[in-house]
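What follows is a set of notes on a single structure, which appears directly below.
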Amino acid sequence: MSNSAIDVPSRGGFSFDLCRRNDMLAKKGVNLPSFRKTGTTIVGLIFQDGVILGADTRATEGPIVCDKNCEKIHYMAPNIYCCGAGTAADTEAVTDMVSSQLQLHRYHTGRESRVVTALTLLKKHLFNYQGYVQAALVLGGVDCTGPHLHTIYPHGSTDTLPFATMGSGSLAAMAMFESKYKEGLTKDEGIQLVVDAICSGIFNDLGSGSNVDVCVITKGHKEYLRNHLLPNPRTFVNAKGYSFPKKTEVLLTKITPLRERVEVVEGGDAMEE
Amino acid sequence: MSITEYNGSALVAMVGKNCFAIASDRRLGVQLQTIATDFQRISKIHDRLFIGLSGLATDSQTLYQRLVFRHKLYQLREERDMKPETFASLVSALLYEKRFGPYFCQPVIAGLSDEDKPFICTMDSIGAKELAKDFVVAGTAGESLYGACEAMFKPDMEPDELFETVSQALLSSVDRDCLSGWGGHVYIVTPTEIKERILKGRMD
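Note that the protein sequences, when read in sequence, are chains E and Z. Each residue of the first sequence is one higher than the one before, counting from 0 in numbering that gives the first Met the number 0. Each residue of the second sequence is one higher than the one before, counting from 0 in numbering that gives the first Met the number 0.
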């Protein structure tokens, strides 16, 4: 499209302008870059008065850890949160998109969002893209019909479960759930089980690592415990840090002073008639 | 060969005390052949906001033009500069729009907020934001930059020390990367001034 560089997209949706070029490059034998993944352990469970979600905080790009403390529990609505695994951009974009749709829906109806609404919006989008939007989600929340926990696969299929795991560490986490989960857990027991499941992912799955994030949602209340547990603190920091005695060789220095910020005072004298 | 390694690049941004640094190498190559040794990879969006674009140079320049265009439209409509956070969302949205046919470009964004709080951020080629509190890296020398920055970074550095740290990290990393190098380009931005420096590096 020749006009794609000048028009401002107001319609949204994906643009496939570069696909042909990129395909041509791929056929010529150059490798296309890999995307940032959240090789992840994400979990959720239902306890006696709500839902608990948990996630690790490692983001990877191939074998490189590119973020040691990222956020994988995304906000959907005040009473609904969603953990994301898969391609980072997709989980981020899909949860942001649905959370704004939910907000608009709340403005329209004036009621609290329901978890099934979020679930339907998410699966509709993912099914539309036939698995090419690579987001595997654990959706949890409490609404007027009680606590709900769902998993959503990249192709758009969904499960409704009392406890769920997703991501590359899902097997390690599920092992903990299968052996310890029971109905009617208290809040503290629930958090402990979620932490155990995430830790099992962190220590047994190489795609997962760093810290444990937890989010507890109960009727009319939520508690987002960012970095609830830090099982992998940095131990190799030099307290004094490095300092460099020899100055780097500089060829040219250009200093541009910035203009003073002007304070604009609202009001002032009224103009004479 | 990966397409992001076609031109070669090294980019790093670091946070200091009420200031930030963004630095890049100066080489533009076509695979192992060096084409230019004074290539500008970092561009100014406004006085307190910079973006560095690593990866395929043709895509970097196209993306940069679209970003400048969108920022100018914003300035006309809003009569103010974009906040760094807003700009990062704009870059992310432009990249994610091309989710299935991406620009081969990994941006690094660094800016000062109105309250002089530094903001740095990087993304992959389809706009997955990574907001860091300390430093971000991109380009073919990314792996070695991670190591160098991880060891050399200290929180709350003053501008002069920040310059020294970011320069040392950049120069030591590009020396371990064939595809980037030929000196460095460093911007140190404080609430009062922009200090732009060109570093001497190895020329091989």
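Even glycine gets a Cβ: it sits at the ideal position worked out from N, Cα and C. These figures come from a predicted structure and were not determined experimentally.
Open item on the list: Let's test the definition: count the other Cβ atoms within 10 Å of the Cβ of Z:Lys97 and tell me whether it reaches 16, buried, or not, exposed.
Closed with: Sequence index remark: in the second sequence, residue 97 of chain Z carries index 98 (1-based). Buried: at least 16 other Cβ atoms inside 10 Å.
Open item on the list: Taking only three categories from DSSP, how would you classify E:Ile254?
Closed with: Stepping through the first sequence from its first residue, residue 254 of chain E is reached at position 255. Strand.
Open item on the list: Give me the DSSP bridge partner(s) of E:Asn30.
Closed with: Walking along the first sequence from the start, residue 30 of chain E turns up at place 31. Its beta-bridge partners are Z:Ser1.
Open item on the list: Quick check: what's the CA-CA separation for E:Ala76 versus E:Gly139?
Closed with: To locate residue 76 of chain E, count along the first sequence from 1; it is residue 77. To locate residue 139 of chain E, count along the first sequence from 1; it is residue 140. So the two alpha carbons sit approximately 11 Å from each other.
Task: Meets three-Cβ-pair contact criterion under 8 Å: the segment 28-41 of chain Z and the segment 59-68 of chain E - done: no
TODO: Determine which residues share a DSSP beta bridge with Z:Arg196 and list them.
DONE: Position 197 of the second sequence, counted from the start, is the residue given in the question as residue 196 of chain Z. BP columns for Z:Arg196 point to E:Thr252 and Z:Val185.
Task: Local Cβ density within 10 Å of Z:Phe19, reported as buried at 16 or more and exposed below that - done: Translated into the one-based positions of the second sequence, residue 19 of chain Z becomes position 20. By the 10 Å Cβ count, Z:Phe19 comes out buried.
Task: Neighbourhood of Z:Asp155 by C-beta, 8 Å cutoff - its chain only, sequence neighbours within 5 removed - done: For this step, residue 155 of chain Z is matched to residue 156 along the second sequence. Taken in chain order, the residues that qualify are Gly15 and Lys16.
- [ ] Excluding the 5 residues preceding and the 5 following Z:Arg25 in the sequence, name in chain order all residues of the same chain whose CB lies nearer than 7 Å to its CB.
- [x] On the second sequence, residue 25 of chain Z is found 26 positions in, with the first residue counted as 1. Within the same chain, Z:Arg25 has close Cβ partners Thr36, Asp37, Phe38, Trp181, Gly182, Gly183 and His184.
Task: For E:Gly139, the three-state DSSP class (helix, strand or coil) - done: Residue 139 of chain E sits at position 140 when you count from the first residue of the first sequence. In the structure shown, E:Gly139 sits in a strand (DSSP, three-state: E or B).
Open item on the list: List, in chain order, every chain Z residue whose beta-carbon is nearer than 8 Å to that of E:Ser14.
Closed with: For this step, residue 14 of chain E is matched to residue 15 along the first sequence. The answer, in chain order, is Glu96, Lys97 and Gly100.
Task: Burial state of E:Ser1 (16 or more Cβ within 10 Å) - done: Mapped onto the first sequence, residue 1 of chain E falls at position 2. Low confidence applies here, because E:Ser1 scores a pLDDT of 46, under 50, leaving its location unreliable; read the following figure in that light. Classification of E:Ser1: exposed, given that the 10 Å Cβ count is below 16.
Task: Sheet register partners of E:Thr94 (DSSP bridge) - done: Within the first sequence, residue 94 of chain E is the residue found at index 95, counting from 1. None; E:Thr94 has no bridge partner.
Open item on the list: For E:Glu265, would you say it is in contact with chain Z, using Cβ-to-Cβ distances shorter than 7 Å as the test?
Closed with: Numbered from 1 along the first sequence, position 266 holds the residue referred to as residue 265 of chain E. No, E:Glu265 lies away from the interface with chain Z (no Cβ there is under 7 Å from its Cβ).
Open item on the list: Just checking: is the beta-carbon of Z:Leu52 within a distance shorter than 7 Å of some beta-carbon in chain E?
Closed with: For the purposes of this step, residue 52 of chain Z is identified with residue 53 of the second sequence, where counting begins at 1. Chain E, which has no Cβ nearer than 7 Å to the Cβ of Z:Leu52, makes this no.
- [ ] Report yes if the C-beta distance between Z:Ala147 and Z:Ser172 is below 7 Å; otherwise report no.
- [x] Indexing the second sequence from 1 puts residue 147 of chain Z at position 148. Indexing the second sequence from 1 puts residue 172 of chain Z at position 173. In this structure, Z:Ser172 lies closer than 7 Å to Z:Ala147 by Cβ.
Open item on the list: Here's a check: name, in chain order, each residue in its chain whose Cβ is nearer than 6 Å to the Cβ of Z:Phe152, leaving out the five neighbours to either side.
Closed with: Locating residue 152 of chain Z in the second sequence gives position 153, counting from the first residue. Closer than 6 Å at Cβ, skipping near neighbours: Asp133 and Phe134.
Open item on the list: Check whether chain Z comes within 7 Å of E:Gly140, counting only Cβ atoms and requiring the distance to be less than that.
Closed with: The sequence position of residue 140 of chain E within the first sequence is 141, counting from 1. E:Gly140 does not count as touching chain Z.
TODO: Give the residues of chain E in contact with Z:Gln167, contact being defined as C-beta atoms less than 7 Å apart.
DONE: On the second sequence, residue 167 of chain Z is found 168 positions in, with the first residue counted as 1. Under the 7 Å cutoff, chain E gives Phe243 and Thr247.
- [ ] Could you check if E:Ala117 is buried or exposed, using at least 16 other CB atoms within 10 Å of its CB as the buried criterion?
- [x] Against the first sequence, residue 117 of chain E aligns to sequence position 118. Buried: at least 16 other Cβ atoms inside 10 Å.
Open item on the list: Contact criterion: CB-CB distance below 7 Å. Does E:Met0 meet it with respect to chain Z?
Closed with: Here residue 0 of chain E is taken as the residue at index 1 of the first sequence, counted from 1. Summary for E:Met0: the model assigns pLDDT 46, below 50, so the residue's position carries little reliability; its value from the coordinates is reported in the next sentence. No, because no Cβ of chain Z sits closer than 7 Å to the Cβ of E:Met0.
Open item on the list: Against chain E, with Cβ distances strictly below 7 Å, would Z:Ile2 count as a contact?
Closed with: Mapped onto the second sequence, residue 2 of chain Z falls at position 3. Chain E, which has a Cβ nearer than 7 Å to the Cβ of Z:Ile2, makes this yes.
Open item on the list: At 3 residues or longer, what runs of the beta strand (DSSP E) sit wholly inside the segment 119-192 of chain Z?
Closed with: 128-131, 134-138 and 183-188
TODO: Starting from the N-terminal side, write out each stretch of the alpha helix (DSSP H) that is 4 residues or longer and does not extend beyond the segment 143-199 of chain E.
DONE: 169-179
Open item on the list: Less than 7 Å between CB atoms is the rule here; does Z:Thr191 satisfy it with respect to chain B?
Closed with: Checking the listed chains, one finds no chain B in this structure; the protein chains it contains are E and Z.
TODO: Have a look at E:Pro230 and Z:Thr121 and give me their C-alpha separation to the nearest angstrom.
DONE: Here residue 230 of chain E is taken as the residue at index 231 of the first sequence, counted from 1. Here residue 121 of chain Z is taken as the residue at index 122 of the second sequence, counted from 1. Answer to the nearest angstrom: the Cα atoms are 26 Å apart.
Task: For E:Ser98, the nearest candidate out of E:Leu121, E:Glu70, E:Ala196 and E:Gly109 (CA to CA) - done: Within the first sequence, residue 98 of chain E is the residue found at index 99, counting from 1. The option with the nearest alpha carbon to E:Ser98 is E:Leu121.
TODO: Please list the partners that Z:Met151 has in chain E, where partner means a Cβ-to-Cβ separation under 9 Å.
DONE: Taking the second sequence and counting its residues from 1, the one referred to as residue 151 of chain Z is at position 152. Going along chain E in sequence order, the residues near Z:Met151 (Cβ under 9 Å) are Gly240, Tyr241 and Phe243.
- [ ] Sort out for me which residues DSSP pairs E:His73 with in a bridge.
- [x] Reading the first sequence from its first residue, position 74 is the one you call residue 73 of chain E. Answer is E:Cys81, bridged to E:His73.
- [ ] Give the range of the alpha helix (DSSP H) segment to which Z:Pro83 is assigned.
- [x] The count along the second sequence starts at 1 and reaches residue 83 of chain Z at position 84. Unbroken alpha helix (DSSP H) run through Z:Pro83: Pro83 to Glu96.
- [ ] Reducing DSSP to helix, strand and coil, say where E:Met23 ends up.
- [x] By 1-based counting over the first sequence, the position of residue 23 of chain E is 24. It is helical.
Task: Limits of the unbroken beta strand (DSSP E) element including E:Phe46 - done: As a first step, residue 46 of chain E must be located in the first sequence, where it is residue number 47. Unbroken beta strand (DSSP E) run through E:Phe46: Ile41 to Phe46.
Task: Closest residue to Z:Pro190 among Z:Val11, Z:Gly126, Z:Leu75 and Z:Glu114 (Cα-Cα distance) - done: The count along the second sequence starts at 1 and reaches residue 190 of chain Z at position 191. Comparing Cα positions, the closest option is Z:Glu114.
Task: Interface partners of Z:Glu195 on chain E, CB under 9 Å - done: Against the second sequence, residue 195 of chain Z aligns to sequence position 196. Here the neighbours are Leu251, Thr252, Lys253, Ile254 and Thr255.
Task: Identity of the residues DSSP links to E:Glu222 by a beta bridge - done: Within the first sequence, numbered from 1, the residue matching residue 222 of chain E stands at position 223. Answer by DSSP bridge pairing, in chain order: E:Val215.
Task: Residue interval of the beta strand (DSSP E) (run including Z:Gln105) - done: Taking the first residue of the second sequence as 1, we reach residue 105 of chain Z at position 106. Unbroken beta strand (DSSP E) run through Z:Gln105: Cys104 to Leu111.
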